[in-house]
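**Q**
There are 2 protein chains.
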Amino acid sequence: MKTDIEIAQEAVVQPISEVAEKAGLKAHEIEPYGYDKAKINLDKSVNRKSDLGKLILVTSINPTPAGEGKSTVTVGLADALSLAGQKTMIALREPSLGPVMGLKGGATGGGYSQVIPMADINLHFTGDFHALTSAHNTLAAALDNSIYQGNPLKIDPRRVLWKRVLDINDRALRHTTIGLGGPTSGVPREDGFDITVASELMAVLTLSTDLQDLKKRIKKIVVAYNYDKEPVTVADLGVAGALTVLLKDAIKPNLVQTLAHTPAIIHGGPFANIAQGTNSVLATKTALKLADYVVTEAGFGADLGGEKFMDIKVPKLGKAPDAVVVVATVRALKHHGGAALADLNQEDLTALKAGLENLGQNIKAMQRYGRPVLVAVNRFTADTDAEIKMIEDFVATLGAQVFLADVWAQGGAGAKYLAQAVVETIDQADADFTPLYQEDAPALEKLQAIVENIYGGAAVELSAKAEKQLKDFAQYGWDKLPIVMAKTQYSLSDDPKKLGAPKDFTVHIREFVPKLGAGFLVALTGSILTMPGLPKHPAALDIDIDENGQITGLF
Amino acid sequence: MKTDIEIAQEAVVQPISEVAEKAGLKAHEIEPYGYDKAKINLDKSVNRKSDLGKLILVTSINPTPAGEGKSTVTVGLADALSLAGQKTMIALREPSLGPVMGLKGGATGGGYSQVIPMADINLHFTGDFHALTSAHNTLAAALDNSIYQGNPLKIDPRRVLWKRVLDINDRALRHTTIGLGGPTSGVPREDGFDITVASELMAVLTLSTDLQDLKKRIKKIVVAYNYDKEPVTVADLGVAGALTVLLKDAIKPNLVQTLAHTPAIIHGGPFANIAQGTNSVLATKTALKLADYVVTEAGFGADLGGEKFMDIKVPKLGKAPDAVVVVATVRALKHHGGAALADLNQEDLTALKAGLENLGQNIKAMQRYGRPVLVAVNRFTADTDAEIKMIEDFVATLGAQVFLADVWAQGGAGAKYLAQAVVETIDQADADFTPLYQEDAPALEKLQAIVENIYGGAAVELSAKAEKQLKDFAQYGWDKLPIVMAKTQYSLSDDPKKLGAPKDFTVHIREFVPKLGAGFLVALTGSILTMPGLPKHPAALDIDIDENGQITGLF
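Residue numbers (our numbering), protein chains in the order written: chain W, 1 to 555; chain E, 1001 to 1555.
1) Using a Cβ cut-off of 9 Å, which residues of the region 1221 to 1250 of chain E contact any Cβ in chain W, in chain order?
2) Helix, strand or coil: which one does DSSP assign to E/L1083?
3) Express the C-alpha separation of W/I195 and W/R379 in angstroms, rounding to a whole number.
4) Below 9 Å between beta carbons is the criterion; list the residues of the region 1161 to 1177 of chain E that meet it against any residue of chain W, in chain order.
5) Taking 8 Å as the cut-off, decide whether the C-beta atoms of E/R1159 and E/A1224 are in contact.
6) Quick check for students: name the residue ranges of the beta strand (DSSP E) that lie wholly in the region 409 to 444 of chain W, counting only runs of 3 or more.
7) Expressed to the nearest angstrom, what Euclidean distance is found between the alpha-carbon atoms of W/L516 and E/L1143?
8) Which chain C residues are close to E/P1032, counting only those with a beta carbon under 9 Å from its beta carbon?
9) Compute the beta-carbon to beta-carbon distance between W/V375 and W/I363, rounded to the nearest angstrom, for a pair I have assumed lies under 8 Å.
10) For a contact meaning CB atoms closer than 7 Å, what does E/M1001 contact in chain W?
11) Name the one or two DSSP bridge partners that E/S1060 has.
12) Excluding five sequence neighbours on each side, which residues of the same chain lie with their C-beta closer than 8 Å to the C-beta of E/S1491?
13) If you check the beta carbons only, do E/I1016 and E/L1259 fall under 8 Å apart?
14) Start and end of the alpha helix (DSSP H) containing W/D144?
15) Closest Cβ-Cβ distance between W/N151 and chain E: below 8 Å?
16) Please determine, among W/I251, W/A141, W/T329, the residue with the shortest C-alpha to C-alpha distance to W/S185.
17) By DSSP, does W/R171 sit in helix, in strand, or in coil?
18) In chain order, which continuous runs of the alpha helix (DSSP H) of length 4 or greater are located wholly inside the region 1238 to 1294 of chain E?
19) Between W/R368 and W/N453, how many whole angstroms is the CB-CB distance? I'm expecting something under 8 Å.
20) For W/L359, which of W/L524, W/P99, W/D303 has the nearest alpha-carbon?
21) Measure the C-alpha to C-alpha separation of E/V1031 and E/I1040 and round it to an integer number of angstroms.
22) Mind checking the region 1071 to 1097 of chain E against chain W and listing, in chain order, the residues whose C-beta falls within less than 7 Å of any C-beta there?
23) So is E/E1094 buried or exposed if we call it buried at 16+ other beta carbons inside 10 Å?
24) First and last residue of the alpha helix (DSSP H) that includes W/L521?
25) Would you identify the three-state DSSP class for E/V1165, choosing helix, strand or coil?
26) Give me the residue from E/L1055, E/H1028, E/G1069 with the minimum Cα distance to E/W1408.
27) For E/Y1148, which residues in chain W fall below 8 Å Cβ to Cβ?
28) If I'm right that E/D1167 touches E/L1097 with Cβ under 8 Å, what's the distance once you round it to whole angstroms?
29) Where E/V1013 and E/K1022 are concerned, what is the direct C-alpha to C-alpha distance, given to the nearest angstrom?
30) Checking contacts by CB at 8 Å: is E/Q1367 closer than that to chain W?
31) Using a Cβ-Cβ distance under 8 Å, would E/D1213 count as near chain W?
32) Any idea if W/M485 is buried or exposed, counting beta-carbon neighbours within 10 angstroms, 16 or more meaning buried?
33) Enumerate in chain order the residues of its own chain whose CB-to-CB distance from E/P1117 is below 6 Å, with the five nearest sequence positions on each side excluded.
34) State the CB to CB distance for the pair E/D1311 and E/P1482, rounded to an integer number of angstroms; the pair is presumed to be in contact (CB under 8 Å).
35) E/S1463 and E/E1511: beta carbons closer than 8 Å?
36) By the criterion of Cβ-Cβ separation under 7 Å, what are the contact partners of E/T1138 in chain W?
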């Protein structure tokens, strides 16, 4: 069986100028990066059409080590819509380089449902993440320099919120001390590094509607507290203009293509736990202005990425999904129902039945917003007819329908019926989009809405610290901001071991992190790792390139 | 008076495809990055012509705060050669982003002798430095991960040579401790960050002749010593392939243009103190294969960058400069002769006479290699006829000639006579290139040759540590490697306060740093800063971008 990179390397790549033309972009509206990638000039293309295309959100059950193939289904569905003659585009997140060197597994789809050039997209792509790393660390250096040069802002070195970032899996940088080496090398303090995608600048960039909005948001970022415990912002440090200059190209959406030459916009990659977990507002909006159908996805499961798409991204985008596709696999559902990873190739209706509760809760969570929900089962050869039948029956009780997708092996042809159903469903849909909470509702009310309606849980509990924070935040008006729940992706609850659909659980909020540039409060539950480590055998050990420039080992 | 960026922004940019065509590159031999930048595909263009063009090396007196304008003269001279109908190209280093945010002052020439797009080149350009940062830190993460995962290579955490890098001026990162936070976050140890241009990978990338040579060199990099004090290399860590993949595009030279549309290759940017300080071997070679005249430069003064060009780069390039231009200004020479910075606009023949000794030693250093040397005086309005005459008379005693260059204000037209003289000089030159030392000479012999013949000093003194190192290195064969002297750029001696041409001085070697990938030994004299800090008022405070995307404050 061919690997993903072998399939990608054998692909006939259409010149990006032709892909752009197909998408309705004129030559001067793109900036080529090589012959297979381009950036889209913002001012010109975003205001092309007066009516927006239809938006299809692909999300999933809670992820398991068995794999669900959400990106693969996203690409396959878009190719199926293209095959059916619909003017279609994809809007996806950019992969992070750190994990590429750590764990095998692509972020560009798989098999015959991939976006290309796969290696470039997974490596440096058009440099967006590197620009973010630069801007983030320029801000960190400006902050420490301000402390060093007489500390005019009276920054408390013990209360610095702005860490440094690298797009590397590097556990040794999680907790550091800096400024050592005597009086000429700064002021010693505790610090640490996050991975670049965890930077608030990533959330900011991907929520911004233009360059000036970006600058305005950057100014508001709170980087530290001073000795009077008052917030210190980027505006106070005076470097918002410089950071915006560093991000002037990163804000432009990137154009690539699928193996079937469907135009794909790949742009931005915020985490789905500590940020909104979806591609940029500008990317999705650009696609909606150009195409009649836009297929996009949200990170992790419907409870995390799906909820944030609806509650954080939709208000900024000014457009809700016209249909939601929840992806599941028979394997993953059986794992949710208690089957061991080693046994997933055997029929197990008992485990499947139990695991279906997870799919059920994620379907209900998405139906809650008033949009039609469809279920795509990403086919594996070991799936039995009895298993598929059980899923279909279960999903029918929720008023939804199941479609089998064999997009890994067949590309768009493997999602023909799913694509037909999506188009028909959108044509027939009539319910209004129903937001989960009022924008200005108190934080606790928002948290309860998420836990009860999305997770199927019972209650929310704030730590003493979190309670005190909400009181402190009230004086700055931060207590009314939208909530971004930083929760394990593996469970609907805040306990990664509780698979399936746990009931009557309480979600514990340990701490809030104010993200004033992004415009939300992150609610931390449990310990969320913002700097991954490398495994015992990192993927980097298997990656190589030969004298002809042929790359091996990259997935 | 217009600023550099204003002049650059007003420029009429020729599409990079036309610039490439003028340079003799076919459309499929370049990869566009936007419409004004491109990468050159290595395999095709490097072997175009059988005979190489003529190479002109631009170097200077020891730099002073008064400014010499070496890059400006390099660009102006190339434009002058183009104006005279010669097929000309430029080969320059890429600027580092860290200093751009720190101190005002471009690295892309100035006035009407600039390379464009100036803002892009000074910011992220085509991402080469970001790729180096990624590759460097991926290696660092792999090293710490190896220590963490049972330390199979028995790496001594107290003897790690491979620090981390960022392309940021950030003094707080010079000395750090990492791996804090308990058993799940690595093994605590002392560490630190250098600026990206100080990475050995930068030296390696810019000395490599192709992708496989790059991989071979990367394997040899010594990253640490084990508990038996034996060297641990990248080959031992097993990530050379992955690092090469991360640098697969960074190794390709970048094509841009001057304001007068002369094709310019800008590629690589190693420090001129701890590395060879000049653009990549591939960039210069590509230019020599395409053009009849190639103007290039070396970092800092002739003593540092010039010497390294001749002794480190020439053997890898397989080609010595056909002529050397030493740049000076009346102002800088007066400062070398003792005039205060505030008084440089006043005629001062006494100070000038004393300062000319610095020019004299730098001319002699370059003449030592058997190549014709010309002097370019970069004109300032305050320069008097008597001052110019004194320089001309002095230079004549060394068998060289002075040419006035007014390239800042006039562009190529301001270097008309310099260009004519360069062409004539090259036509008449007949002496052979004379290397400074034999490749396999002992380290001390090489050091003495540099100090006596290039710096005009008397002797070399090794610290006890340095002496012991040479003995230790002998067992690995490292003691015969070429020497890269890490010395202050401000003085011919190792004391930055000794301006002019000090005599009878001894250069003290504190320590050697083996750079096995680059293939040289760095000899540290005094304290060489490899991570700059930000000043009290960083340039970042003045950089901004308006709603039309117009950048201000970038120089």
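Note that beta-carbon positions come from the ideal geometry of N, C-alpha and C, so glycine has one too.
**A** Quick answer:
1) Near chain W, meaning a CB-to-CB distance below 9 Å, the residues of the region 1221 to 1250 of chain E are L1237, G1238, V1239, A1240, G1241, A1242, L1243, T1244, V1245, L1246, K1248, D1249, A1250.
2) Helix, per DSSP.
3) Looking at the two C-alpha atoms, the distance is approximately 33 Å.
4) Result list: R1164, L1166, D1167, I1168, N1169, D1170, R1171, A1172, L1173, R1174, H1175, T1176, T1177.
5) Contact check for E/R1159 against E/A1224 passes: the beta carbons are separated by less than 8 Å.
6) Taking only runs of at least 3 residues, no beta strand (DSSP E) segment lies wholly in the region 409 to 444 of chain W.
7) Taking the straight line from one Cα to the other gives about 36 Å.
8) Protein chains in the displayed structure are W and E, and chain C is not among them.
9) Contact holds; Cβ gap of about 7 Å.
10) Within chain W, no residue comes near E/M1001; the closest Cβ sits about 23 Å away, beyond 7 Å.
11) DSSP, once it has assigned bridges, lists E/V1327 as partnering E/S1060.
12) Around E/S1491: N1062, K1497, K1498, L1499, P1502.
13) No; because the gap between Cβ atoms is not below 8 Å, this pair is not in contact.
14) For W/D144, the uninterrupted alpha helix (DSSP H) run begins and ends at 128 to 148, by DSSP.
15) At a cut-off of 8 Å between C-beta atoms, W/N151 does not count as an interface residue with respect to chain E.
16) Nearest option by C-alpha distance: W/A141.
17) Per DSSP, reduced to three states, the secondary structure at W/R171 is helical.
18) 1240 to 1246, 1281 to 1290, all fully within the region 1238 to 1294 of chain E.
19) The Cβ separation is near 5 Å, so the contact holds.
20) For W/L359, the nearest C-alpha among the options comes from W/D303.
21) The question names Val, but residue 1031 of chain E is Glu in the sequence shown. Straight-line Cα distance between these residues: approximately 6 Å.
22) For the region 1071 to 1097 of chain E, residues whose beta-carbon sits nearer than 7 Å to a beta-carbon of chain W comprise L1097.
23) It counts as buried.
24) It is not in any alpha helix (DSSP H) - W/L521 instead sits in the beta strand (DSSP E) that spans 520 to 524.
25) Strand, per DSSP.
26) The candidate whose alpha carbon is nearest that of E/W1408 is E/G1069.
27) Those within 8 Å of E/Y1148 in chain W are R171, A172, G533.
28) Contact between E/D1167 and E/L1097 holds: CB atoms are separated by about 5 Å, below the 8 Å threshold.
29) Distance between the alpha carbons of E/V1013 and E/K1022 is about 14 Å.
30) Not closer than 8 Å to any Cβ of chain W, the Cβ of E/Q1367 fails to qualify, so no.
31) Judged by the 8 Å Cβ criterion, E/D1213 is not in contact with chain W.
32) Here W/M485 is buried. Its C-beta has 16 or more other C-beta atoms within 10 Å.
33) Answer for E/P1117: D1036, listed in chain order.
34) Distance from E/D1311 to E/P1482 at the Cβ level is roughly 6 Å; contact confirmed, criterion being Cβ atoms closer than 8 Å.
35) The beta carbons of E/S1463 and E/E1511 sit closer together than 8 Å.
36) Those are M101, I168, A540, listed as they occur along chain W.
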